[in-house]
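Chains as they are written, first to last, in the working numbering: chain P, 36 to 152; chain V, 3 to 457.
Cβ atoms here follow ideal geometry from the backbone N, Cα and C, with glycine treated the same way.
On a predicted model such as this, the values are computed, not experimentally measured, just so you know.
Each remark here refers to the structure printed beneath this line.
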Amino acid sequence: MTDSEIQMVVAVVRPDKLGEVKQALAETGAPSLTVTNVSGRGSQPAKKGQWRGEQYTVDLHQKVKIECVVADIPAEDVVDAISEAAHTGEPGDGKIFVLDVEEAYQVRTGKEGTEAV
Amino acid sequence: MTVPLQLDAGAIASGVNNVWVLVVCFLIFFMQPGFALLEAGQVRAKNVGNVLMKNMTDWTLGVLVFFIVGAGFSSIVGGLTSPGGFSVAGAFAYINDPTAYIGWFFGAVFAMTAATIVSGAVAGRMNFNAYVFVAAAMTAIIYPAVTGMTWAGGLLSGSGYIGQALGVGYLDFAGATVVHMVGGLAGLVGAKMVGPRKGRFDGNGNSQPIPGHSMLLAVLGTLFLAFGWYGFNVGTQATVLSASDGSLTFMGGALGQVVLNTTLGMGAGAVAAMIVSASWQGKPDPLWAANGLLAGLVAVTGAVPHVTWWGALILGALVGALVLPTFRWVVDSLKIDDVCGVFVVHGSSGAIGTILIPVFGVTATGGYTFLGVDQLLMQVVGVIVIGVWTVIATMVAFKIAGAIWGLRVSEEEEELGLDESEHGVSVYPEFVAGGSREGPTVSADGGLAEEVSDD
């Protein structure tokens with residue numbers, strides 16, 4: 036799929052699936068990750084909110100974004116693990132993207148490249 | 003202090019005492035925002051509106067039910083369980099008697115305190131309609147029966163059947179058991195019957211924490227409650243001026259006894275919980291200290307005029323120290339998801355504090371006296387009678403509610419949060435439509451938002 040040795044998997048999933056995704060990633064051998072609370076819009080229908088009898092539309096849904104950088108483990112495995120753990124079958128399960136990473140450095144040790152991941 | 007007067011001493015005493023009662027009622031009413039904040043802080047942000055709605059329902063629906071049914075039912079139970087007898091017309095005479103309204107209101111603020119405790123135990127997963135039914139049952143039947151058996155002269159009082167058999171009346175001054183244990187036990191039964199929140203216990207049955215969304219709200223609510231509690235305890239000493247033979251006597255000693263014991267119980271409860279939490283968890287925990295503060299208040303609520311100052315201190319410290327281990331026992335051994343710990347704060351603390359009243363008895367001059375084995379026996383019997391009634395009556399109420407509406411929301415609704423699924427609101431809305439420049443909101447691959455969201 037790509038020449039890069041290091042790849043980043045970016046997944047946007049349901050917040051309540053975070054626990055299962057973390058578990059699945061650990062079992063896949065890729066326990067390191069970064070998680071951010073995000074809001075976004077995709078295939079999930081907009082929600083209606085109410086305030087004093089007036090409706091408003093909320094088309095940004097709360098999700099968590101998981102970033103996971105891997106070198107030794109195939110990104111495909113990580114993608115499989117996340118998509119399996121985060122799946123409900125309803126619109127709004129999220130998306131996963133795989134990006135090439137040019138270089139990596141570990142702050143504590145100064146290691147570079149795949150060693151740093 | 004005795005002051006001779008030309009004026010009608012009786013009228014002055016009555017006026018001062020009634021104004022005092024009204025003022026303490028307003029203080030006790032202020033426990034409602036306390037409960038609302040305490041519970042709101044201990045749930046997830048997605049369930050805050052539901053908790054607030056339940057607390058408002060407890061008070062607003064509760065006062066209606068307690069006026070039409072509850073207060074009269076209490077008198078009937080009092081008459082039925084004592085040789086005095088009763089008439090239905092007499093029991094409900096307050097409804098058309100303006101001179102009875104202050105007394106009714108005094109009863110109502112206590113009744114609503116008992117009712118509002120339950121919501122803290124069942125937060126985050128209970129069907130709202132079912133909850134409304136249970137709240138009505140609490141204020142119409144469950145709580146009034148207990149006041150009927152005690153303060154209204156029924157079963158457990160000196161003139162009731164059990165009271166006469168044992169030769170003493172049940173001591174619970176302001177309602178450590180009558181109000182708080184009833185609420186705490188009803189909450190425990192409710193939490194058991196509704197079942198734990200999703201994710202509260204893992205596959206092996208081990209508890210998984212679901213942290214509340216704001217410790218600030220929880221602790222502020224605790225302090226609001228403590229403020230209102232002075233009305234609850236000190237106000238139950240409803241006689242400020244006593245009139246006899248045209249002269250007035252100020253009841254400073256009686257008032258002082260209850261205000262001091264209330265304060266010492268509160269302080270000892272919080273300090274003990276702080277110490278236990280520090281030794282258990284390594285660091286003193288504000289939420290445990292807050293729970294200990296309330297537990298200490300509950301423990302002395304029945305005891306304040308009956309025990310020595312050091313007795314109140316010991317009672318507060320004892321239940322404060324027990325808060326953490328008892329809560330862990332409810333969660334880890336009973337596997338009951340009592341979200342706000344209402345069983346330990348209101349239930350077990352009220353029972354312990356009330357049973358031990360005779361052990362710390364105080365004389366009129368502030369000295370120590372044991373109140374007797376009969377009194378001790380009466381306290382145990384009273385706690386058992388009130389406890390058994392509360393558990394059974396609450397089970398029936400939840401069974402009926404469950405049969406009509408179902409006790410729980412669906413798993414999807416629970417996950418979404420009760421604010422949205424039960425009330426269609428968001429307490430902390432982050433993004434609204436504002437900012438979109440033209441027309442209807444677009445959903446990236448779901449078409450126009452307006453078209454897809456009409457479900």
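Between which two residues does the beta strand (DSSP E) holding A46 of chain P run? In the first sequence, residue 46 of chain P corresponds to position 11, counting from 1. In the DSSP annotation of this structure, the continuous segment of the beta strand (DSSP E) that includes A46 of chain P starts and ends at 41-48.
Excluding five sequence neighbours on each side, which residues of the same chain lie with their C-beta closer than 7 angstroms to the C-beta of P35 of chain V? Locating residue 35 of chain V in the second sequence gives position 33, counting from the first residue. Contacts found: F226.
Is any beta-carbon of chain P found at less than 7 angstroms from that of V454 of chain V? Mapped onto the second sequence, residue 454 of chain V falls at position 452. Here V454 of chain V scores only 40 on pLDDT, less than 50, and its place in the model should not be relied on; the value that follows carries that caveat. So yes, V454 of chain V belongs to the interface.
Could you tell me whether the segment 312-325 of chain V touches the segment 185-193 of chain V, using the rule of 3 or more Cβ pairs below 8 angstroms? The answer is no - the segment 185-193 of chain V does not touch the segment 312-325 of chain V, with fewer than three Cβ pairs under 8 angstroms.
What does the Cβ neighbour count give for V41 of chain V, buried or exposed, with the cut at 16 atoms within 10 Å? Your numbering for residue 41 of chain V matches position 39 in the second sequence. Sequence check: residue 41 of chain V is Glu here, not Val. Answer is buried; the Cβ neighbour count reaches 16.
Going by beta carbon distance, what residues of the same chain come within less than 7 angstroms of V221 of chain V, once the five residues before and after it are set aside? If you number the second sequence from 1, residue 221 of chain V lands on position 219. Cβ neighbours of V221 of chain V beyond the five flanking positions: P288, A292.
Three or more C-beta pairs below 8 angstroms linking the segment 66-77 of chain P and the segment 204-218 of chain V: Below 8 angstroms, too few C-beta pairs join the segment 66-77 of chain P and the segment 204-218 of chain V to call them touching: fewer than three.
Proximal residues of chain P, C-beta to C-beta of S428 of chain V below 7 angstroms: Within the second sequence, numbered from 1, the residue matching residue 428 of chain V stands at position 426. Going along chain P in sequence order, the residues near S428 of chain V (Cβ under 7 angstroms) are G84.
Opposing strand residues paired with D135 of chain P [DSSP bridges]: Here the question's residue 135 of chain P lines up with position 100 in the first sequence. BP columns for D135 of chain P point to P:Q42.
Measure from the C-beta of A451 of chain V to each C-beta in chain P and report whether the shortest distance is under 7 angstroms. Locating residue 451 of chain V in the second sequence gives position 449, where the first residue counts as 1. Confidence at A451 of chain V is low in this model, with a pLDDT of 48, below 50, so the placement of that residue is unreliable and no value is reported for it.
Would you say D112 of chain P lies against chain C (beta-carbon separation less than 7 angstroms)? Reference to chain C is not applicable here, since the protein chains of this structure are P and V.
Buried or exposed for S428 of chain V, please, with buried defined as at least 16 other CB atoms from any protein chain shown within 10 angstroms of its CB. Along the second sequence, read from residue 1 onward, the residue named residue 428 of chain V stands at position 426. Buried, because 16 or more other Cβ atoms sit within 10 Å of the Cβ of S428 of chain V.
Chain V residues whose Cβ lies nearer than 8 angstroms to that of D51 of chain P: Taking the first residue of the first sequence as 1, we reach residue 51 of chain P at position 16. Neighbourhood of D51 of chain P in chain V, by CB distance below 8 angstroms: E417, in chain order.
How is the alpha helix (DSSP H) around K56 of chain V delimited, first residue to last? Taking the first residue of the second sequence as position 1, residue 56 of chain V is located at position 54. Per DSSP, K56 of chain V is one residue of the alpha helix (DSSP H) stretching across 50-67.
Between M276 of chain V and the rest of its own chain, which residues show a CB-CB distance below 6 angstroms, the 5 nearest in sequence each way excluded? The residue labelled residue 276 of chain V in the question sits at position 274 within the second sequence. Excluding residues within five positions, the ones whose Cβ falls inside 6 angstroms are P286, A291.
T118 of chain V classed as buried or exposed, judged by whether at least 16 other C-beta atoms fall within 10 angstroms: Walking along the second sequence from the start, residue 118 of chain V turns up at place 116. Result: buried.
Taking only the alpha-carbon atoms, compute the straight-line gap between F252 of chain V and L262 of chain V and give it to the nearest angstrom. Taking the first residue of the second sequence as position 1, residue 252 of chain V is located at position 250. Taking the first residue of the second sequence as position 1, residue 262 of chain V is located at position 260. Distance between the alpha carbons of F252 of chain V and L262 of chain V: 17 angstroms.
Hey, would you say V113 of chain P sits closer than 7 angstroms to V44 of chain P, going by beta carbons? Indexing the first sequence from 1 puts residue 113 of chain P at position 78. Indexing the first sequence from 1 puts residue 44 of chain P at position 9. At a Cβ-Cβ threshold of 7 angstroms, V113 of chain P and V44 of chain P count as neighbours.
Taking DSSP as the reference, what is the three-state secondary structure of N206 of chain V? Residue mapping note: residue 206 of chain V aligns to position 204 of the second sequence, counting from 1. Coil.
With a CB to CB cut of under 6 angstroms and the five nearest residues on each side skipped, what residues in its chain are close to A46 of chain P? For the purposes of this step, residue 46 of chain P is taken as the residue at position 11 of the first sequence. If you ignore the 5 residues before and after A46 of chain P, its C-beta comes within less than 6 angstroms of the C-beta of I101, I117, I131, all in its own chain and listed in chain order.
Return helix, strand or coil for I101 of chain P, following the three-state DSSP convention. For the purposes of this step, residue 101 of chain P is taken as the residue at position 66 of the first sequence. Strand at I101 of chain P.
Limits of the alpha helix (DSSP H) - the one that A11 of chain V falls within: Along the second sequence, one-based indexing puts residue 11 of chain V at 9. For A11 of chain V, the enclosing alpha helix (DSSP H) starts and ends at 11-31.
Can you tell me which residues form a DSSP beta bridge with Q85 of chain P? Reading the first sequence from its first residue, position 50 is the one you call residue 85 of chain P. Bridge pairing for Q85 of chain P: P:Q90 [DSSP].
At the level of alpha carbons, what is the spacing between A132 of chain V and Y163 of chain V? Translated into the one-based positions of the second sequence, residue 132 of chain V becomes position 130. Translated into the one-based positions of the second sequence, residue 163 of chain V becomes position 161. Near 35 angstroms, if we compare the C-alpha coordinates of Y163 of chain V and A132 of chain V.
Ordered along the chain, which non-local residues of its own chain (more than five positions away) have a Cβ less than 6 angstroms from that of A120 of chain P? Within the first sequence, residue 120 of chain P is the residue found at index 85, counting from 1. Hits under 6 angstroms: E55, V56, A59.
Helix, strand or coil at Y370 of chain V according to DSSP, with G and I counted as helix: Counted from its first residue, the second sequence places residue 370 of chain V at position 368. Note: Y370 of chain V maps to strand in three-state DSSP.
What separation, rounded to the nearest whole angstrom, lies between the Cα atoms of A451 of chain V and T179 of chain V? What you label residue 451 of chain V is simply residue 449 of the second sequence in a count that begins at 1. What you label residue 179 of chain V is simply residue 177 of the second sequence in a count that begins at 1. Only weak support is given to the placement of A451 of chain V: the predicted model assigns it a pLDDT of 48, under 50, and the value that follows is read from those uncertain coordinates. Put simply, the backbone Cα of A451 of chain V is about 54 angstroms away from that of T179 of chain V.
Does the count of Cβ pairs from the segment 377-391 of chain V and the segment 195-213 of chain V closer than 8 angstroms reach three? They do not touch, by the three-pair rule.
C-beta atoms of L257 of chain V and L250 of chain V nearer than 7 angstroms: As a first step, residue 257 of chain V is located in the second sequence; it is residue number 255 there, counting from the start. As a first step, residue 250 of chain V is located in the second sequence; it is residue number 248 there, counting from the start. It is not a contact, given that the beta carbons lie outside the stated cut-off.
Can you look up Y145 of chain V in the DSSP assignment and give me helix, strand or coil? Locating residue 145 of chain V in the second sequence gives position 143, counting from the first residue. Residue state, collapsed to three classes: helix.
Close beta carbons around P62 of chain P, own chain, < 8 angstroms, minus the five adjacent residues each side: Start at 1 with the first residue of the first sequence, and residue 62 of chain P comes out as number 27. According to the sequence provided, residue 62 of chain P is Glu. The question's Pro does not apply to it. Same-chain partners within the cutoff: A116.
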